[in-house]
Amino acid sequence: MRMSRGLIVCLSAALIFGTAVGIAGGSDEMCVPMGDISLVAPIDEPKRSEVNFPHTAHFDLSCKQCHHTWDGVDPISGCMASGCHDLSESPGKSEDKALKGLPEIRYYKKAYHQQCIGCHQDIKSKNAALERSNLMLEEPLPSAGPTGCVECHPKE
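Those letters in the sequence shown? Residues 4 to 159, by the working numbering.
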């Protein structure tokens with residue numbers, strides 16, 4: 004009887020403490036966008052439709068894998084606002100002499116395509132290597148994600 008009374012006291016304390024922590028933590032706003040995010044080209048007349056990016060499907064990756072300049076504390080700025088991928092045209096194809104010689108990765112489209120398609124192609128090649136190995140896998144292979152234009156930019 005004495006042991007069960009101690010157990011009840013411990014469980015009650017855990018319940019009260021857990022509820023208090025849940026209530027205190029519940030008032031914070033969620034700062035990570037859930038679900039899908041619409042990625043729109045930062046130019047007036049984009050050549051392709053916006054991308055419906057499944058942000059939640061990428062939560063198993065490190066945030067810094069995409070948001071590579073994020074300090075982990077401040078709100079994340081968009082690629083164009085952060086100064087990393089702030090060009091709306093390719094330096095290699097631009098007539099603007101000020102852009103000549105700048106790294107192609109500064110062009111927002113190059114950055115997105117290199118990051119997204121590059122990662123998806125890596126997953127696809129790793130999946131193919133695993134399939135060729137004939138190993139018995141405990142879990143299904145991860146989806147590689149889209150690598151073609153219309154897979155991300157559906158025709159409008």
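Where a beta carbon is used, it is the ideal one built from N, C-alpha and C, also for glycine.
Let's see if you can read the secondary structure: which residues bound the beta strand (DSSP E) around residue i?
| i | result |
| --- | --- |
| D63 | That residue, D63, is in no beta strand (DSSP E); it is neither H nor E in DSSP. |
In whole angstroms, what is the alpha-carbon distance linking residue i and residue j?
| i | j | result |
| --- | --- | --- |
| A60 | C155 | 15 Å |
| F56 | D99 | 31 Å |
| W73 | P45 | 20 Å |
| M139 | L64 | 25 Å |
| G38 | V54 | 13 Å |
| D77 | L42 | 21 Å |
| S97 | E159 | 28 Å |
If you run the structure through DSSP and keep just helix, strand and coil, what is residue i?
| i | result |
| --- | --- |
| D99 | coil |
| V54 | strand |
| I46 | coil |
| I40 | strand |
If you check the beta carbons only, do residue i and residue j fall under 8 Å apart?
| i | j | result |
| --- | --- | --- |
| L90 | Y110 | yes |
| I120 | A147 | no |
| I79 | H70 | yes |
| T150 | Q124 | yes |
For the alpha helix (DSSP H) containing residue i, list its first residue and its last residue.
| i | result |
| --- | --- |
| D125 | 111-136 |
| E154 | 152-155 |
Strictly under 8 Å for the Cβ-Cβ distance: is residue i near chain C by that measure?
| i | result |
| --- | --- |
| S146 | Looking for chain C here will not work: only one protein chain is present. |
Exposed or buried, residue i, counting other C-beta atoms within 10 Å across all chains shown (16 or more means buried)?
| i | result |
| --- | --- |
| P143 | exposed |
| V153 | exposed |
| C66 | exposed |
| K112 | buried |
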